[in-house]
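*Asks:* Numbering (my numbering), first residue to last: 5 to 181.
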Ligand SMILES: C[S@@+](CC[C@H](N)C(=O)[O-])C[C@H]1O[C@@H](n2cnc3c(N)ncnc32)[C@H](O)[C@@H]1O
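1. Would you check whether ligand 1 has a heavy atom nearer than 7 Å to the C-beta of residue 112?
2. Output the distance between the C-alpha atoms of residue 32 and residue 40, rounded to the nearest integer angstrom.
3. One question on the structure: do residue 58 and residue 29 come within less than 8 Å of each other, judged by their Cβ atoms?
4. In the DSSP assignment, the beta strand (DSSP E) including residue 173 goes from what residue to what residue?
5. Hey, residue 24 and residue 163 are a contact pair by Cβ (cut 8 Å); roughly how many whole angstroms apart?
6. Regarding residue 102 and ligand 1, is the C-beta to nearest heavy atom distance less than 7 Å?
7. Is it buried or exposed, residue 53, if we count other Cβ atoms within 10 angstroms and call 16 or more buried?
8. If we ignore side chains and look at the alpha-carbon of each, how far apart do residue 109 and residue 88 end up?
9. So for residue 53, helix, strand or coil by DSSP?
10. Would you say residue 67 touches ligand 1, meaning its beta carbon is less than 7 Å from a heavy atom?
11. Give me the residue from 171, 170 and 103 with the minimum Cα distance to residue 136.
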């Protein structure tokens, strides 16, 4: 199954380009997170880079959310060591209740209602453990203000592409010792 034939839920005309995936890989925390969640994992293009990076991580807990059941089945068989939830990612805290160290999101944010998007972004912030990192890949340039508002001090990288890719990276501070 391809992204383009499901464009109204995937928000993607093709899979994420390799140069963007490689850049995402470089943004991953150097020390291995204990618990990762990925929202809108698709067929596992980003998942693959994360698993490669933490290949020694036998203790790695990885929950992936994917609403498309065909993609979810494919994802689970490609990555048997992760837990795939064929579930709406907006309400991920109903499934993953503990704080997590790394949240990766490549959901089509502009396809969500404003109410769902606000809830999702707040859930991401609230669920992030101190010292944790959030990585958001998106196309909708007009959402930059909204995202910067939730994740102040985030770093944003633009990739020339049609449509453009934007990558937001946000790190939460560790509490003062
Ligand atoms: C832009 S694609 C990204 C796929 C892959 N992660 C990549 O970077 O190439 C977005 C993915 O999010 C999934 N998706 C869309 N809305 C969703 C939702 N509410 N909950 C979970 N997954 C969703 C789509 O089915 C699609 O696989």
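We treat Cβ as the ideally placed atom computed from N, Cα and C, and that holds for glycine.
*Replies:* Result, derived from the coordinates:
1. Taking the first residue of the chain shown as 1, we reach residue 112 at position 108. Flag set: Cβ of residue 112 near ligand 1.
2. Residue 32 sits at position 28 when you count from the first residue of the chain shown. Residue 40 sits at position 36 when you count from the first residue of the chain shown. So the two alpha carbons sit approximately 11 Å from each other.
3. Position 54 of the chain shown holds residue 58. Position 25 of the chain shown holds residue 29. Their beta carbons are not under 8 Å apart, which means residue 58 does not touch residue 29 by this criterion.
4. Indexing the chain shown from 1 puts residue 173 at position 169. 169-175 is the extent of the beta strand (DSSP E) around residue 173.
5. As a first step, residue 24 is located in the chain shown; it is residue number 20 there, counting from the start. As a first step, residue 163 is located in the chain shown; it is residue number 159 there, counting from the start. Their Cβ separation, rounded to whole angstroms, is 5 Å, which keeps residue 24 and residue 163 in contact under 8 Å.
6. As a first step, residue 102 is located in the chain shown; it is residue number 98 there, counting from the start. Incorrect: residue 102 has no Cβ contact closer than 7 Å to ligand 1.
7. Locating residue 53 in the chain shown gives position 49, counting from the first residue. Buried, because 16 or more other Cβ atoms sit within 10 Å of the Cβ of residue 53.
8. To locate residue 109, count along the chain shown from 1; it is residue 105. To locate residue 88, count along the chain shown from 1; it is residue 84. Cα to Cα, residue 109 sits roughly 14 Å from residue 88.
9. Mapped onto the chain shown, residue 53 falls at position 49. Residue state, collapsed to three classes: helix.
10. Mapped onto the chain shown, residue 67 falls at position 63. No - ligand 1 has no heavy atom lying nearer than 7 Å to the Cβ of residue 67.
11. As a working mapping, residue 136 is identified with position 132 in the chain shown. Selected option, being the one with the closest Cα: 103.
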